[in-house]
Amino acid sequence: MRFRPCIDLHQGKVKQIVGGSLSDEDSAVLKTNFEAQKPASWYADLYRRDRLTGGHVIQLGPGNETAARDALKAWPGGLQLGGGVTGDNALNWLDVGAAAVIVTSWVFHDGQVDQERLEHLSGIVGPQRLVLDLSCRRRGDGYYIVTNRWQTFTREKITPQLLDRLSRYCFEYLIHAVDVEGRCRGIEADLVALLAQWDGLPITYAGGIHAEEDIHTIQRMGRGHIDFTVGSALDIFGGHGLCYEDLVRGYGAE
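Residue numbering for the sequence shown follows the numbering used here, starting at 32 and increasing by one per position.
As structure tokens, this is what we get:
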């Protein structure tokens, strides 16, 4: 089990945002927990210093490319890049230093997996450099993948069968529990339990972690196989529940 760091970018700045509040249509509903005074490259350099690999830079909307590129240059080969990735620009992000690209909306559109797009993207970057973002929200009896700033439900339900089907095209899954993202009120335990049923590719869970107890729960339920990332609760993002240095010592690079 590893701590996977993050850099979330919104309008060119490092921010922590309540996941379900992000929308193209109505900026008035956006809820921001934290806005950094330091640039994205500062955080990337911090992660480089501590040899934290497999972290992710996520572009939440337009206006973030310069900050994203600066972060990737500060820790070349150490960070994955997500947000706005398509078959047209994926190789460019790898060329400027991304270890891998993370994709959701371009592959999951029109309510389902676009098999042609998935095969195309995996083919040009290689499965070993593709992370599928299966961020999801609860609906009825399950968790469904959401796209377009986490506002649009697809018909794709998180199941062991879906994880099996997609695993040949990527090397890792990133899964935000959107309903609890940024709220610092605890994890989506049912989702963690569901993910723990599957024994395949590495999975990084994000959403709701606010104390060491949440991390222990993920470790216990996931039998040490599910990695985690922390946002709003972390002290370097203005939080009070968890200390970055403690996570580096306890769950950082070996």
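From the three backbone atoms N, C-alpha and C, an ideal C-beta is built for every residue, glycine too.
Rounded C-alpha distance that separates residue i from residue j
i: His87; j: Gly108; result: 11 Å
i: Val144; j: Lys104; result: 32 Å
i: Lys62; j: Asp101; result: 26 Å
i: Glu150; j: His271; result: 43 Å
i: Gly85; j: Pro36; result: 8 Å
i: Leu161; j: Gly118; result: 11 Å
i: Gly171; j: Asn64; result: 28 Å
i: Ile38; j: Glu66; result: 11 Å
i: Ala59; j: Leu91; result: Caution is warranted here: a pLDDT of 46 is assigned to Ala59, below 50, making its placement in the model unreliable, and the coordinate value is therefore given only provisionally. Distance between the alpha carbons of Ala59 and Leu91 is about 16 Å.
i: Arg251; j: Trp229; result: 15 Å
i: Ala129; j: Gln159; result: 12 Å
i: Gln146; j: Thr190; result: 18 Å
i: Asp245; j: Val261; result: 10 Å
i: Gly142; j: Asn123; result: 27 Å
i: Ala227; j: Ser72; result: 34 Å
i: Ser153; j: Gly217; result: 34 Å
i: Ser198; j: Tyr78; result: 28 Å
i: Glu203; j: Phe268; result: 25 Å
i: Arg148; j: Phe139; result: 9 Å
i: Tyr74; j: Ile257; result: 23 Å
i: His207; j: Leu83; result: 20 Å
i: Gly157; j: Leu110; result: 17 Å
i: Arg214; j: Asp126; result: 35 Å
i: Trp106; j: Met32; result: 22 Å
i: Ile48; j: Leu40; result: 10 Å
Top-ranked residue by Cα proximity to residue i, from the options
i: Gly94; options: Ala121, Gln228 and Gly115; result: Gly115
i: Ile155; options: Gly128, Cys201 and His241; result: Cys201
i: Gly281; options: Thr248, Ala264, Ser263 and Glu243; result: Glu243
i: Lys44; options: Phe34, Gln68, Leu278 and Glu147; result: Gln68
i: Glu212; options: Arg33, Gln42, Arg199 and Lys46; result: Lys46
i: Pro70; options: Arg80, Leu152 and Thr97; result: Thr97
i: Trp137; options: Asp195, Asn120, Arg214 and Asp126; result: Asn120
i: Trp181; options: Gln42, Met32, Leu83 and Ile89; result: Ile89
i: Asp195; options: Asp126, Arg214 and Pro233; result: Pro233
i: Asn179; options: Arg214, Trp106, Leu125 and Gly113; result: Gly113
CB contact flag (residue i, residue j, <7 Å)
i: Tyr174; j: Phe184; result: no
i: Phe259; j: Tyr236; result: yes
i: Val177; j: Arg186; result: no
i: Ala264; j: Ile240; result: yes
i: Glu219; j: Gly231; result: no
i: Leu278; j: Phe34; result: yes
i: Asp81; j: Gly283; result: yes
i: Val209; j: Ser166; result: yes
i: Leu205; j: Asp266; result: no
Assigned exposure category for residue i - 16 Cβ within 10 Å defines buried
i: Ala224; result: exposed
i: Ala99; result: buried
i: Glu56; result: Its pLDDT being 45, under 50, Glu56 is placed unreliably by the model, and the measurement read from it follows with that caveat. Glu56 is exposed by the Cβ-count criterion.
i: Arg254; result: exposed
i: Val132; result: buried
i: His247; result: exposed
i: Gln192; result: exposed
i: Gln42; result: exposed
Chain C within 7 Å of residue i, Cβ atoms only
i: Thr97; result: In the structure shown, chain C does not exist; there is a single protein chain.
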